[in-house]
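Residue numbers for the sequence shown follow the numbering used here, beginning at 83 and rising by one. See structure below.
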Amino acid sequence: MRLRWITGSAVLIGIFGAIGCGGSGSNVNNPNGSAAGDWVGSFSEARLAGASSGDLDIHYSQSGADVSGTARLTVVTSGVTASYIGTVTGTDAGGDIDATITFNPALPGGQTSVHLVGTVDGDSFSGTYTSDGESGTVTQSHFTSTPVVTNGSTWLGTITSASDNIPKTFRVVATSTGDSSFAGTSLIGTDVAGTVAGVQIGNRVTFTTTSGATGFVCTGTTTSNVVAGTWVSTASTATHGTFSIAKQ
Numbered sequence: 083m084r085l086r087w088i089t090g091s092a093v094l095i096g097i098f099g100a101i102g103c104g105g106s107g108s109n110v111n112n113p114n115g116s117a118a119g120d121w122v123g124s125f126s127e128a129r130l131a132g133a134s135s136g137d138l139d140i141h142y143s144q145s146g147a148d149v150s151g152t153a154r155l156t157v158v159t160s161g162v163t164a165s166y167i168g169t170v171t172g173t174d175a176g177g178d179i180d181a182t183i184t185f186n187p188a189l190p191g192g193q194t195s196v197h198l199v200g201t202v203d204g205d206s207f208s209g210t211y212t213s214d215g216e217s218g219t220v221t222q223s224h225f226t227s228t229p230v231v232t233n234g235s236t237w238l239g240t241i242t243s244a245s246d247n248i249p250k251t252f253r254v255v256a257t258s259t260g261d262s263s264f265a266g267t268s269l270i271g272t273d274v275a276g277t278v279a280g281v282q283i284g285n286r287v288t289f290t291t292t293s294g295a296t297g298f299v300c301t302g303t304t305t306s307n308v309v310a311g312t313w314v315s316t317a318s319t320a321t322h323g324t325f326s327i328a329k330q
């Protein structure tokens, strides 16, 4: 079987190179107003990656007053969902967050960094972001459940292209996990094998599947051990579709 809906030379999104894979990740409760853990939420007003609203999720690791981690920015433009992964560095002064999210490569529109300032209040965060001289608002909630993409887990379901609406079997195996990252293998049908590199922050998941010179980015949410959402080719946003895989 040929995967005919992924075409052209791949321009792979280099979003996972800085994310290490190691032991199994975990989320902890946040009784003291610290940043550590997973935060899922949204942004609005100032444009990021061509959109004036979307999802902004952050996983923070913390050492003293220093924070670092991974950000996941998700937007919908022209009816196509796209996710972009950045690295986070900054400080947490008693729940007052001052952090910078760096994107490499740059976001559509050329933005390379987003400055985030706000306050943690229990399991809520509210603040503002600034990029290219424009500012907007961010609201997030602390996600305290255990990540569903665990080391060694197998996910099985279907993937469908918008061009033909014919579902194909889609299998993903996570062979390693880090604080917010995972890596593994994929199989579409019986003969299109690939590698997977992804990020899970709270109940939101983004991963790139690469097979030879082609690739696509899957973006979805987890509900009852099912990851479902949309995918888009790394070569062209005109090539896209949906997927749904369940933990076995």
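Built from N, CA and C at the ideal position, the CB exists for glycine as well.
Tell me whether the beta-carbon of V281 lies closer than 7 Å to the beta-carbon of R154.
Taking the first residue of the sequence shown as 1, we reach residue 281 at position 199. Taking the first residue of the sequence shown as 1, we reach residue 154 at position 72. Taking a C-beta distance under 7 Å as the contact criterion, V281 and R154 qualify as a contact pair.
Would you report the Cα separation of N109 and D273, rounded to the nearest angstrom?
Sequence index remark: in the sequence shown, residue 109 carries index 27 (1-based). Sequence index remark: in the sequence shown, residue 273 carries index 191 (1-based). Here N109 scores only 35 on pLDDT, less than 50, and its place in the model is too uncertain to base an answer on.
Please say whether V157 and G172 have beta carbons closer to each other than 7 Å?
Looking up residue 172 in the sequence shown gives position 90. Looking up residue 157 in the sequence shown gives position 75. By the CB criterion at 7 Å, G172 and V157 fall outside the cutoff.
Exposed unless 16 or more other CB atoms sit within 10 angstroms - verdict on G302:
For the purposes of this step, residue 302 is taken as residue 220 along the sequence shown, with counting starting at 1. With 16 or more Cβ atoms within 10 Å of its Cβ, G302 is classed as buried.
Let me check one thing: in DSSP terms, what residues is P249 bridge-paired to?
Taking the sequence shown and counting its residues from 1, the one referred to as residue 249 is at position 167. Checking the DSSP bridge columns, you'll see P249 partnered with T242.
Best match in S263, S213, V254, T316 for proximity to K329 [C-alpha to C-alpha]
Here residue 329 refers to the residue found at position 247 of the sequence shown. The closest CA to that of K329, considering only S263, S213, V254, T316, is found on V254.
From A256, G271, T184, A147, residue whose alpha carbon lies closest to that of I248
The residue you call residue 248 lines up with position 166 of the sequence shown. The residue with the shortest Cα to Cα distance from I248 is G271.
L138 - DSSP class collapsed to helix/strand/coil:
By 1-based counting over the sequence shown, the position of residue 138 is 56. L138: strand per DSSP, three-state reduction.
E127 and G200 look like a contact to me (Cβ under 8 Å); what is the Cβ gap, rounded to whole Å?
As a first step, residue 127 is located in the sequence shown; it is residue number 45 there, counting from the start. As a first step, residue 200 is located in the sequence shown; it is residue number 118 there, counting from the start. About 14 Å separates the Cβ atoms of E127 and G200, ruling out a contact at the 8 Å cut-off.
Going by C-alpha distance, which of Y142, V299, T321, A265 is nearest T226?
The count along the sequence shown starts at 1 and reaches residue 226 at position 144. It is Y142.
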